[in-house]
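If you're matching them up, the sequences are chains S and V in order. Mapping of the first sequence onto my numbering: position 176 corresponds to residue 182, and the numbering continues sequentially without gaps. Mapping of the second sequence onto my numbering: position 22 corresponds to residue 31, and the numbering continues sequentially without gaps.
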Amino acid sequence: MAPRRIDPRSQTPVGSFLHDGQRVAFRAGESLALALLAAGRGSLSRSPKYHRPRGPLCLRGACEGCLVRVGDLPGQLACRVPAAEGLEVRSQNAFPNASLDLFRVTDWFFPKHLDHHHLLVNAGATLNRAMQVFARRMAGLGTLPSEEHPFPTPSTLSVDALVVGAGTAGMAVANALAREGFQVACCEEEPRPGGEALDRRDAPTLTDLCDKVRFLGSTSAVATFDDGTLCVGPEGLGLVRARARVFATGCVDSVGLFPQNDLPGVFTARAAARMLRAGVVPGERVVVAGSGALASEVAAGCAEAGVRVTHAEGVVEAHGTSAVKAATVTAHGRAEKVKCDALVVALTATPAYELAGQAGALVRWDASARCFIPEALADGSTRAPGVYVTGSVRAPGAALQARREDGSRVALQIASDLRGGRL
Amino acid sequence: MTSRVLVCRCEDVTLDEVEEALAGGATDLESLKRYTGFGTGWCQGKQCVVACARLLEARTGAAPPAPITPRPPLHPVPLGLLAGLPDPEEAP
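This is the structure:
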């Protein structure tokens with residue numbers, strides 16, 4: 007079994023696209039990944055070396071599980087591409103397709119691991135050369151487009167402040183600065199603002215993003231430099247020049263290290279919450295491992311949808327060949343093997359520090375949270391002039407109200423720096 | 010299916026490989042990356058860098074002070090899009 011829509015009649019499909027030749031219907035506002043999961047298509051590609059099956063894991067652009075070929079462009083994150091009528095989506099790195107891949111034999115060939123440093127080094131030049139050719143053919147993901155694409159001219163935008171991330175803290179900064187009369191752009195990978203709060207039913211009513219803020223939805227900031235931030239969205243590439251750059255990039259989730267942690271059907275709690283909010287259950291028999299608001303949210307959502315849920319403390323091992331079939335989990339101090347077709351893991355998320363680091367903020371190990379955090383003063387300023395951080399990227403696990411207050415506090419400092427001519 | 014613990018999914022780097030590299034003397038984050046290739050794939054280390062830092066901390070008692078350099082682009086971007094940018098060398 008696989009993910010499915012809780013009530014297929016509740017929302018009318020607005021269109022369909024092709025996945026490996028099969029028609030997949032989608033609802034309004036869905037990403038390719040969500041529509042594919044809802045259609046029970048949880049295996050989308052194969053891993054580069056061992057050709058192990060891969061499927062969506064995080065649904066927030068922080069893994070490689072949902073990479074697909076869209077049209078003739080390889081390596082597109084299906085969780086970041088809005089579903090659209092007539093798109094042609096294909097699985098990658100698999101022959102003949104992601105559900106059945108003959109190159110999977112590499113996984114059995116190299117039961118320990120495929121050590122590229124010592125692979126056949128002592129086996130003689132001819133065999134080494136043959137192995138190199140073989141390895142090169144097997145490795146990688148996707149193939150290049152068949153046709154030459156024109157180089158579109160990037161659009162440019164100049165603002166006083168660019169806020170990356172429209173979560174709670176990001177919206178608070180953007181709104182405050184816009185109300186002060188500054189030109190503000192806010193780019194967000196999801197089509198809508200809201201961030202983590204969108205995944206939670208108990209979240210208080212969201213403050214809407216002020217209409218004076220230029221909202222760039224479904225847009226990823228992919229690189230940032232002193233003279234501009236590169237943003238990729240539905241219109242292509244945009245170069246945003248800003249006197250102040252604010253990184254409200256939040257946190258990323260992982261599922262932790264346990265055997266078979268890469269099987270399709272293993273999801274982060276946030277991904278499962280996101281699916282449930284869109285009316286999709288992660289499976290028919292769901293194991294939720296871990297605690298916290300998102301774990302409770304997922305367990306409750308699954309139970310409401312009539313899905314059997316087991317709530318466990320931790321994961322020992324996942325079982326299955328092409329997808330999760332069972333999980334050994336701990337509950338009340340005992341290990342137990344539970345049949346399931348979805349394993350949802352809730353771990354403490356860690357900061358998405360990358361862009362702040364690229365912008366020049368000092369990123370340091372935090373000994374108590376055991377993760378990397380961009381260093382900033384209470385007012386959000388970092389060691390790099392004009393670069394600020396706010397929200398859970400600098401305070402992982404902070405409550406919603408605290409993140410909102412942090413955003414407002416940081417906005418005051420930015421407004422003062424912009425007015426004082428320091429930027 | 011061979012039972013593997015994947016540390017870096019993008020590059021298929023297993024826990025076994027990381028432990029072998031640690032035992033072999035790759036006891037800082039950069040050497041560990043260069044030996045195993047973790048963090049060099051599609052996602053540029055969004056999950057595995059912290060995982061490897063924690064493994065290093067458990068093994069050596071000291072966490073790496075800083076992550077590997079977070080390089081652009083953060084997500085896969087078609088080369089054609091970047092090729093449309095003005096050449097900074099030619100800019101007036």
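Every residue, glycine too, gets a C-beta built ideally from N, C-alpha and C. This structure is a prediction, so every number in the text was calculated from the model and none was measured.
Please check if any C-beta of chain S sits within less than 7 angstroms of the C-beta of residue i.
{"i": "G33 of chain V", "result": "no"}
{"i": "A67 of chain V", "result": "no"}
{"i": "E26 of chain V", "result": "yes"}
{"i": "K42 of chain V", "result": "no"}
Hey, residue i and residue j are a contact pair by Cβ (cut 8 angstroms); roughly how many whole angstroms apart?
{"i": "V335 of chain S", "j": "V293 of chain S", "result": "6 angstroms"}
{"i": "Q266 of chain S", "j": "S12 of chain V", "result": "6 angstroms"}
{"i": "V190 of chain S", "j": "R220 of chain S", "result": "7 angstroms"}
{"i": "P509 of chain S", "j": "L43 of chain S", "result": "Summary: the structure shown does not reach residue 509 of chain S, with chain S confined to residues 7 through 429, and so no result is reported for it."}
{"i": "A355 of chain S", "j": "V258 of chain S", "result": "6 angstroms"}
{"i": "S51 of chain S", "j": "S97 of chain S", "result": "5 angstroms"}
{"i": "H119 of chain S", "j": "E39 of chain V", "result": "With 8 angstroms as the limit, H119 of chain S and E39 of chain V do not qualify as a contact, their Cβ atoms being about 21 angstroms apart."}
{"i": "V170 of chain S", "j": "G413 of chain S", "result": "Their Cβ separation, rounded to whole angstroms, is 13 angstroms, which puts V170 of chain S and G413 of chain S out of contact at 8 angstroms."}
{"i": "C192 of chain S", "j": "G173 of chain S", "result": "At roughly 10 angstroms, the Cβ-Cβ gap does not stay under 8 angstroms, so C192 of chain S and G173 of chain S are not in contact."}
{"i": "A250 of chain S", "j": "L429 of chain S", "result": "6 angstroms"}
Would you report the Cα separation of residue i and residue j, rounded to the nearest angstrom?
{"i": "E360 of chain S", "j": "T132 of chain S", "result": "43 angstroms"}
{"i": "L41 of chain V", "j": "G426 of chain S", "result": "45 angstroms"}
{"i": "D233 of chain S", "j": "V246 of chain S", "result": "9 angstroms"}
{"i": "P76 of chain V", "j": "G366 of chain S", "result": "13 angstroms"}
{"i": "E195 of chain S", "j": "R33 of chain S", "result": "19 angstroms"}
{"i": "L106 of chain S", "j": "G61 of chain S", "result": "13 angstroms"}
{"i": "D26 of chain S", "j": "N103 of chain S", "result": "8 angstroms"}
{"i": "G70 of chain V", "j": "A373 of chain S", "result": "11 angstroms"}
{"i": "V321 of chain S", "j": "N134 of chain S", "result": "40 angstroms"}
{"i": "R370 of chain S", "j": "F378 of chain S", "result": "5 angstroms"}
{"i": "V330 of chain S", "j": "G271 of chain S", "result": "5 angstroms"}
{"i": "T274 of chain S", "j": "G244 of chain S", "result": "31 angstroms"}
{"i": "R54 of chain V", "j": "A417 of chain S", "result": "Note on residue identity: the sequence assigns Gly, not Arg, to residue 54 of chain V. Rounded to the nearest angstrom, the two C-alpha atoms are 30 angstroms apart."}
{"i": "P54 of chain S", "j": "D385 of chain S", "result": "43 angstroms"}
Between residue i and chain V, is the shortest Cβ-Cβ distance under 7 angstroms, so that the two count as touching?
{"i": "A332 of chain S", "result": "no"}
{"i": "N99 of chain S", "result": "no"}
{"i": "K345 of chain S", "result": "no"}
{"i": "Q364 of chain S", "result": "yes"}
{"i": "F109 of chain S", "result": "no"}
{"i": "S260 of chain S", "result": "yes"}
{"i": "V335 of chain S", "result": "no"}
{"i": "D232 of chain S", "result": "no"}
Which residues in chain S sit within 7 angstroms of residue i, going by Cβ to Cβ distance?
{"i": "G50 of chain V", "result": "E70"}
{"i": "T36 of chain V", "result": "None at all; the shortest Cβ gap to chain S is about 15 angstroms."}
{"i": "R63 of chain V", "result": "R376"}
Excluding five sequence neighbours on each side, which residues of the same chain lie with their C-beta closer than 7 angstroms to the C-beta of residue i?
{"i": "A317 of chain S", "result": "As written in the sequence, residue 317 of chain S is His, which differs from the Ala given in the question. Answer for H317 of chain S: V294, A305, listed in chain order."}
{"i": "E20 of chain V", "result": "G46, F47, T49, G50"}
{"i": "A39 of chain S", "result": "P62, L65, C72, A84, C85"}
Within the same chain, show all residues whose beta-carbon is closer than 6 angstroms to that of residue i, passing over the 5 residues directly before and after it, in chain order.
{"i": "A45 of chain S", "result": "V30"}
{"i": "G307 of chain S", "result": "L282"}
{"i": "A41 of chain S", "result": "V30, F32, A89"}
{"i": "R410 of chain S", "result": "T174, A178"}
Please go through the same chain and pick out, in chain order, the residues whose beta-carbon is closer than 8 angstroms to the beta-carbon of residue i, but skip the five residues on each side of it.
{"i": "A332 of chain S", "result": "A324, H325, G326, K343, V344, K345, C346"}
Run down chain V in chain order and give the residues with a C-beta less than 8 angstroms from the C-beta of residue i.
{"i": "S226 of chain S", "result": "L83, H84"}
{"i": "V287 of chain S", "result": "None at all; the shortest Cβ gap to chain V is about 24 angstroms."}
{"i": "A229 of chain S", "result": "P81, P82, L83"}
{"i": "A373 of chain S", "result": "A72"}
{"i": "R370 of chain S", "result": "P74, A75"}
Against residue i, what residues of chain S qualify as contacts under a CB-to-CB distance less than 8 angstroms, listed in chain order?
{"i": "E20 of chain V", "result": "P54, K55"}
For residue i, go through chain V and note every residue whose CB falls closer than 9 angstroms to its CB, in chain order.
{"i": "G67 of chain S", "result": "C52, K55, L83, H84"}
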